[in-house]
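Novice: Before I ask anything, here is the structure I am working with.
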Amino acid sequence: MKKKILHRLKIFLAFILTASLLIILYGLYKIYHLPPGNLGDQFPTRIYAAPFFLSPGDPVSLNLLERRLKRLGYKPREESPTIAGEYYRKNQAIEIFLRGFSQPFWDAPQQKVELSLDGDGILTSTVSIHLEPELVADLSGEKKIQREPATFAEIPPYLIQALIAIEDRRFYEHHGIDPRALLRATWTNFKSGKLREGGSTLTQQLVKNLFLVPKKTLWRKAAETILALYLETRYSKQEILTLYFNQAYWGQNGPVSIAGIKAATRFYFNKPLTELTVAESALLVGLLRSPLKYSPFRDVSSALARRNFVLNSMLRQGILRPPDYQKTIREPLSLNLFPTRTNPGKADYFLSDLMQQLVEHYTDAVVFRHGLKVFTTLDPLIQESAQMEISRLPNQGALINLDPFSGAIRAMVGGKNFSQSQFNRATQAKRQPGSAFKPFVYGAALRRRDREGHRFTLASLILDEPREYKIQQGSWTPKNFYGVYSGTVTVRQALSRSLNAATVNLAFLVGPKFIANYAHSLGIESPLQEDLGIALGTSEVTLLELTAAYAPFVNKGKKIKPYLIEGIQDLQGEVLERHEPNTTQVLQPGESYLVTSLLESVVKEGTAKSLKTLGFTYPAAGKTGTTNKEQDAWFVGYTPRTLMGVWVGEDKPRSIGATGATAALPVWARVINTVLEGFPSEEFSMPEDVQTAKVDPTTGFLAVSGCPQKVKESFLIGTEPDTHCTLHPGGLKGWFQKLFGTSQSTGSLTLPHPTTSTFH
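Structure (structure tokens):
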């Protein structure tokens, strides 16, 4: 028995010794392969737009293609190109010498291609091309980074004390690693059941920022430990602290990275480093955990809470005396209200949200120090057009353009001017969407059946008259925008004319909770009130979630998840991240088509019919939205190829004197024309589970020869009316009625009264 125990012990010790030797050898290997040059040298991380594809049979605008080539630095020639980066255009053909590129999904070779178009602008060549993605930002190149080295003598003592208090209390006692802190962090995480503390020393953090890839592996942790010990033998504690402060990442100035304590001090407080106060030092140290999350320019309350947490740590460790702590914690933020924007880009809001995602998923400043290649979903031409249109508005505005089939964000504008406000109104601002929410009311109704099992259809009649409803605050009578009521209307008429009374009456029958669940299933993430106010869009949502929730209407019923990043590679070309398709079927194709058909009526004859006068001629579907007192103006619309939402308003709600049709719709029209340039007109395709029938819009029944109006309506198969119109008889009887001016009264038609729900 003892021999077996000794034998197993020997095996265990041999394993430990072997593993330790391998770890040491791996660490020495990393030391030997440290980047050449001075400590702190770095490789730029580059952010790219989406590549541009063309395949045989695709519609092409040669003017647009030439614009893309020029943006990429391709040079025109008067004859066939001879080197990569040149092109030659002649009549309906263009010859391009492609540069080639590599990204996480495929490699595009360097090659010469010739593209020819037919008379309709369709690509007739047999070859497909991939234009390399445009460089959007170079996060550590000379033009994209703010940095000014500081000496140890310039760093205020309380700044160093704050850093040590919050990040590494035993910094002066350990030699690169701190077993005690590691055990304490492990115990804290075990007790809380969450990852609250990391246990890494400042030296280890410096190693991660300077040398290691972001992947969290056992080998990386081993290398981090060996390299930390190595740094402690080569550099003094003062030198390590100086390196740390000069290399730390403190946030984004648009597409420009703020690196180093001097640049951070200038950016946030517009003062020299030596003039920092204790409170300001605590704020800067607090930012290191997540510069974008705790940015005082984005969220003052979070920034203050984080600063006060650092100050409290300094108090508990005896760095601050209680009187000094009380005085410092009451100090307000004295921020640089107009930080200088270096080289602002056209995609500042897009880049800001992108950087927030990167920093949350990767280690500290790794996102711009280790030569990463970040491939995004951005289309530079759409983004440029969108930013230009929003910047021209007399009010604030926001815009989102999506690929409705994948969720790729092609353009994002969060405001008129990023240099004046980093607040992203496309993703952060929650406002009432007004009538832009109505498609979810009507879409939900199409899923209801009456007590006899009949589905609600586009030919169903609903009451358009003011009704009084009891609510918690008393009573409420919804009114139509112009105060005009039609008595009874079809579903199509109610939505195309955006009739409030009819929509609320319908919502009463369908049920507010059912409508809320329907909207959530399509992608609305914000809480929705489960009362009749939901019918008129009184629950606040963001532009991004509202726009994305329209996607199932155009893509045959699939819910999408909007995203910014297609893939990420490290310096060696290893794929760190790759976006995978993420859609969920939430509607039948026929259901989505019926809502699209309704929204086409809004564009053809309803509140968005002015699109024609704005120079937009493509088939489209969408909905305007205007809130009380004209405080918010919306339009969310789509074609078979693209989806876009626009909001116009003010940060502090007030009347802008305009509606969705007069403020948001023109912006949508001008930008969407850029998106669709070169594409032929394309109708929405009818799915197999939909059929059409001619109905009488007065009764909603199948039309007969005597009906004065016959409207072609769409139905899910099996839901079309099974009753012919009796109000307008056909044949000889109908002829005599028309001749002598007699007709049955519409009063014989009875509709569900909104005090009794008939749908379930």
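Quick note: to get the numbering used here, add 4 to the position in the sequence shown (first position is 1). Every residue, glycine too, gets a C-beta built ideally from N, C-alpha and C. This one's a predicted model, so the numbers in the text were calculated from it and none came from an experiment.
(1) Give me the Cα-Cα distance between G258 and R429, rounded to the nearest whole angstrom.
(2) Assign G649 to one of three DSSP states: helix, strand, or coil.
(3) F688: buried (16+ other C-beta within 10 angstroms of its C-beta) or exposed?
(4) Using only CA atoms, which one of V675, F156, M318 lies nearest to S240?
(5) Output the residue ranges of the alpha helix (DSSP H) runs that lie fully inside the region 543-593 and measure 4 residues or longer, sorted by chain position.
(6) Would you report the Cα separation of R93 and P531, rounded to the nearest angstrom?
(7) With C-beta atoms as the reference, is R75 less than 7 Å away from F56?
(8) Compare the C-alpha of F639 against each of V699, S132, A612, K616 and name the closest.
(9) Considering only DSSP beta bridges, list what H134 is partnered with.
(10) Quick check on this structure: which residue in P657, T727, P566, A555 has the alpha carbon closest to the alpha carbon of P644?
(11) So for F379, helix, strand or coil by DSSP?
(12) With burial defined as no fewer than 16 other Cβ atoms inside 10 Å of the residue's Cβ, what is the status of P758: buried or exposed?
(13) Opposite S479 in the DSSP bridges: which residues?
(14) Can you tell me where the beta strand (DSSP E) holding V488 begins and where it ends?
(15) How far does the alpha helix (DSSP H) with A405 in it extend, from its first residue to its last?
(16) Can you give me the start and stop residues for the alpha helix (DSSP H) that Y765 sits inside?
(17) For A307, collect the residues of the same chain with a Cβ closer than 6 Å to its Cβ; drop the 5 residues on either side in sequence, then sort them by chain order.
(18) Quick one: Cα of H179 to Cα of L210, how far?
(19) So, is N405 buried or exposed, given that buried needs 16 or more other C-beta atoms within 10 angstroms?
(20) Looking only at its chain, what residues have a beta carbon closer than 6 Å to the beta carbon of V675, apart from the 5 residues adjacent to it on each side?
(21) Use the C-beta contact count for W254: other C-beta atoms within 10 angstroms, 16 or more gives buried, fewer gives exposed.
(22) Can you list, in chain order, the residues of its chain with a C-beta nearer than 6 Å to that of A553? Leave out the 5 residues immediately preceding and following it.
(23) If distances are taken between C-alpha atoms only, which option among P585, G722, V304, T278 comes closest to G457?
(24) When DSSP labels each residue in this structure, what does H374 get in the three-state scheme?
(25) Helix, strand or coil: how does DSSP classify L385 here?
(26) Where does Y642 sit, in a helix, a strand or coil, going by DSSP?
(27) Answer with buried or exposed for E90, where buried requires no fewer than 16 other C-beta atoms within 10 angstroms of its C-beta.
(28) Quick one: measure Cβ to Cβ for G653 and G438, integer angstroms, because I've assumed they're closer than 8 Å.
(29) On a Cα-Cα basis, can you pick out the residue from R435, N504, A511 that is closest to R452?
(30) Under a Cβ-count criterion, where at least 16 other Cβ atoms within 10 Å of its own Cβ denotes burial, should V599 be classed as buried or exposed?
(31) What first and last residue would you give for the beta strand (DSSP E) that runs through F101?
(32) My assumption, with CB atoms under 8 Å, is that R582 sits in contact with P108. Please give the rounded CB distance.
(33) Is the region 661-674 close to the region 620-634, with three or more CB pairs under 8 Å?
(34) What would DSSP say about Y253, mapped onto helix, strand or coil?
(35) Just checking my contact of D726 with K714 at CB under 8 Å: how many whole Å lie between their CB atoms?
(36) Roughly how far, in whole angstroms, is the beta-carbon of P623 from the beta-carbon of S709, given that I think they are within contact range, below 8 Å?
Specialist: With the structure as the only source:
(1) 15 Å
(2) Secondary structure at G649: strand, using DSSP grouped into helix, strand and coil.
(3) buried
(4) F156
(5) 547-553, 555-558
(6) Computed Cα separation, rounded: 54 Å.
(7) At a Cβ-Cβ threshold of 7 Å, R75 and F56 do not count as neighbours.
(8) A612
(9) F57
(10) A555
(11) Note: F379 maps to strand in three-state DSSP.
(12) Below a pLDDT of 50, predicted positions are generally treated as unreliable, and P758, at 39, falls in that range; no measurement from the model is reported.
(13) Per DSSP, the beta-bridge partners of S479 are K474.
(14) Where V488 is concerned, there is no enclosing beta strand (DSSP E), given that its DSSP letter is neither H nor E.
(15) First, the residue type needs correcting, since residue 405 is Asn and not Ala in the sequence shown. It is not in any alpha helix (DSSP H) - N405 instead sits in the beta strand (DSSP E) that spans 400-406.
(16) Look at the range of the chain in this structure, 5 to 764, and you will see that residue 765 is not part of it.
(17) Y298, P300
(18) Here the alpha carbons of L210 and H179 stand approximately 14 Å from one another.
(19) For N405, the number of other beta carbons within 10 angstroms of its own is at least 16, and it is reported as buried.
(20) Counting only Cβ-Cβ distances below 6 Å, and skipping sequence neighbours, we find S389, A390, E393.
(21) buried
(22) Cβ-Cβ distances below 6 Å link A553 to L526, G527, I528 in the same chain, with the five nearest sequence neighbours on each side left out; the list follows chain order.
(23) G722
(24) strand
(25) Helix.
(26) strand
(27) So E90 ends up on the buried side.
(28) Going by Cβ atoms, the distance from G653 to G438 rounds to 11 Å, so no, they are not a contact pair.
(29) A511
(30) Buried.
(31) 97-102
(32) 5 Å
(33) Result yes; three or more Cβ-Cβ pairs closer than 8 Å.
(34) strand
(35) 17 Å between Cβ atoms; not a contact.
(36) With a Cβ gap of about 31 Å, P623 and S709 do not count as contacting.
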